[in-house]
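Residues in the sequence shown are numbered from 16 upward in steps of one, following this note's numbering.
Every residue, glycine too, gets a C-beta built ideally from N, C-alpha and C.
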Amino acid sequence: MNESYFENLLRIDTSKFEYSGNGSFETSYEPTPYNSIIKLFKKYTPLENPHFVDFGSGKGRFSFIVNYFFDVGCTGVEVRTEYHKKCLENLASYGEKYTEKAKKIFFVNSSAEKYAISSFENVFYFYNPFSAKVFYKVVGNILDSVKDYERNVDIILYFPTDEFTYFLDTKTPFYHLLEVYPEGKYSNPKDKFVVYRYGKTTEVLTIEMQTTCKSCVEICSCK
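So, in structure tokens, the structure goes:
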């Protein structure tokens, strides 16, 4: 199913690729493909009572599609003011059709490392948008929050670098939970989600993904 289907379904505009050309991670915008997100959630079940945080949220795609399917809280953290404004425009449009769901979506105009982790936030998504230094700082902030408010938390990486996974494997209490290859492991081994978990319980979300049509059932195995 193509990108425009989901853009129309959600009443949002997140599809345009943009790049500033200065070579840093923070200046490129390329949203996670919708079909890749759906394939992730075929394999990965979120923690119980999840609240997702998307660091480097761009125009908000990940938050909208997760909120739509699971009706859960999502926060997008974006440092670029122009993208943050677009998130708010998308939220207003999304809310016209999905009023109650939209009340659970929040967007914050902030750098990732300065964002204050809340006690109810427990699933953190990164589409490789940062330097290693920034990523390490954000993970440190997550662990500080866990010390203050003990809970299970997940980190989801998309297109992770070896540096990021090595850091989580060897320098943190997170453990490797799952890998998902949207296009198959041998098609592009770098195109993958890697999920890490902190915590000992296995409690997971029990609600099911929402669907609206037969074609969506075939694509994402919704109810």
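Closest residue to residue i among the options (Cα-Cα distance)
i, options, result
"Tyr-113", "Ser-126, Val-92, Asn-82 and Tyr-130", "Asn-82"
"Gly-75", "Pro-175, Thr-60, Tyr-140 and Tyr-196", "Tyr-140"
"Val-209", "Gly-91, Tyr-173, Pro-61 and Lys-58", "Tyr-173"
"Asn-105", "Ile-120, Val-195 and Leu-55", "Ile-120"
"Val-195", "Asp-28, Leu-25 and Lys-58", "Lys-58"
"His-191", "Ile-171, Thr-60, Pro-197 and Lys-205", "Ile-171"
"Lys-205", "Arg-26, Val-153, Ala-131 and Asn-143", "Asn-143"
"Tyr-98", "Thr-185, Lys-31 and Lys-207", "Lys-31"
Buried versus exposed, by CB contacts within 10 Å (16 or more), residue i
i, result
"Asn-23", "exposed"
"Tyr-44", "buried"
"Asn-17", "exposed"
"Asp-177", "exposed"
"Ser-72", "buried"
"Gly-199", "exposed"
"Tyr-55", "The identity of residue 55 in the sequence shown is Leu, whereas the question assumes Tyr. Label assigned to Leu-55: buried."
"Gly-155", "exposed"
"Pro-188", "exposed"
"Ile-27", "buried"
"Ser-202", "exposed"
"Leu-103", "exposed"
"Tyr-181", "exposed"
"Lys-116", "buried"
Inter-residue CB distance, residue i and residue j (contact presumed, cutoff 8 Å)
i, j, result
"Thr-90", "Val-123", "6 Å"
"Val-168", "Phe-70", "Actually they do not touch by this definition, with Cβ atoms about 13 Å apart."
"Thr-29", "Pro-46", "5 Å"
"Tyr-130", "Val-92", "5 Å"
9 Å Cβ cutoff met for residue i and residue j
i, j, result
"Val-149", "Ser-126", "yes"
"Leu-183", "Tyr-211", "yes"
"His-66", "Glu-128", "no"
At which residue ranges does the stretch 163-202 contain complete alpha helix (DSSP H) runs of 4 or more residues, listed in the order of the chain? Whole alpha helix (DSSP H) segments, 4+ residues: 177-186.
Which runs of the beta strand (DSSP E) spanning at least 3 residues fall entirely within the stretch 54-96, listed in chain order? Listed in chain order, they are 66-70 and 88-93.
Tell me the start and end of each unbroken alpha helix (DSSP H) in the stretch 105-162 that is at least 4 residues and wholly inside, in chain order. Segments of the alpha helix (DSSP H) lying fully in the stretch 105-162: 114-117.
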